[in-house]
Amino acid sequence: MNSPLAATRTTSWRGVAATFTSDRVLSHNLIVAGGTVVAGLLGVVFQAVISHRLRPADFGAVFAVITILSLIGLPAGGFTLLMARQASRDLATGDHSQSATLLRRGNWSLVLAGSALAVLLVLASPFLAAALSVPTALLLAAAIEATGDPIIARD
0 MNSPLAATRT TSWRGVAATF TSDRVLSHNL IVAGGTVVAG LLGVVFQAVI
50 SHRLRPADFG AVFAVITILS LIGLPAGGFT LLMARQASRD LATGDHSQSA
100 TLLRRGNWSL VLAGSALAVL LVLASPFLAA ALSVPTALLL AAAIEATGDP
150 IIARD
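Read in order, the letters of the sequence shown correspond to residues 0 to 154 in numbering that gives the first Met the number 0.
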């Protein structure tokens with residue numbers, strides 16, 4: 000069974016494995032892709048479990064609040080990518096002053112923006128609750144989460 004074809008297959012697989020282990024960018028992107036797939040699967044499982052545990056009106060209320068939280072979190076994710084890009088550029092040039100400044104100011108910006116959004120959400124919760132047919136308590140819980148999102152994102 001030691002045919003030249005089997006040896007070629009083994010060698011080609013070793014070459015592929017070497018490519019994945021030697022190229023950090025590729026391996027790191029595979030980690031991110033794997034994490035994204037797992038997060039998507041967990042989202043589907045979450046929806047399936049919640050949809051069978053809650054009444055339709057409660058399910059709609061929960062996902063209205065989750066949508067609000069997703070919209071609040073979008074700018075923080077974009078800002079995180081901006082900080083990562085600048086840190087990568089600074090690592091390439093050896094000068095870390097710009098990324099340190101961006102990180103320091105970015106953290107404060109995220110905390111202040113999250114706090115402002117939380118206050119805005121608390122003030123608007125009676126109107127949003129009526130418009131979305133959502134209990135005010137859920138919106139207040141979302142306001143607490145909006146305050147925590149930037150703090151979590153900066154760590």
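Ideal Cβ placement from N, Cα and C applies to all residues, glycine included.
Query raised in the report: Which residues in the same chain have their Cβ closer than 7 Å to the Cβ of S50, if we skip the five residues on either side of it in sequence?
Result: F58
Requested in this report: Flag this pair as yes or no: are the beta carbons of A60 and V133 separated by less than 8 Å?
Outcome: yes
Query raised in the report: Comparing alpha-carbon positions, which option in A99, F126, L109 lies nearest P74?
Result: L109
Query raised in the report: Under the rule that 16 or more other beta-carbon atoms within 10 Å means buried, what is P149, buried or exposed?
Result: No answer about P149 holds up, because its pLDDT of 47 lies below 50 and its placement is not dependable.
Query raised in the report: For the 8 Å Cβ check, are there 3 or more pairs between the stretch 95-104 and the stretch 75-84?
Result: yes
Query raised in the report: Helix, strand or coil: how does DSSP classify G93 here?
Result: coil
Report task. Just confirm the distance between the C-beta atoms of L111 and S124, as a whole number of angstroms; I'd bet it's less than 8 Å. Result -> The Cβ separation is near 20 Å, so there is no contact.
Requested in this report: For the stretch 26-57, list the beta strand (DSSP E) runs that are entirely contained and at least 3 residues long, ordered along the chain.
Outcome: none
Query - Which of helix, strand or coil DSSP assigns to S114 - result: helix
Query raised in the report: What do you get for V44, buried or exposed, if any count of 16 or more other CB atoms within 10 angstroms of its CB means buried?
Result: exposed
Requested in this report: Between the Cα of G113 and those of H95, A145, L25, spot the shortest distance and give me the residue it belongs to.
Outcome: A145
Report task. Please check the pair A128 and I67, which I expect to be a contact at CB under 8 Å, by giving their CB distance rounded to whole angstroms. Result -> Rounded, the Cβ-Cβ distance is 11 Å, inconsistent with contact.
Requested in this report: Could you give the DSSP three-state label for V133: helix, strand or coil?
Outcome: coil
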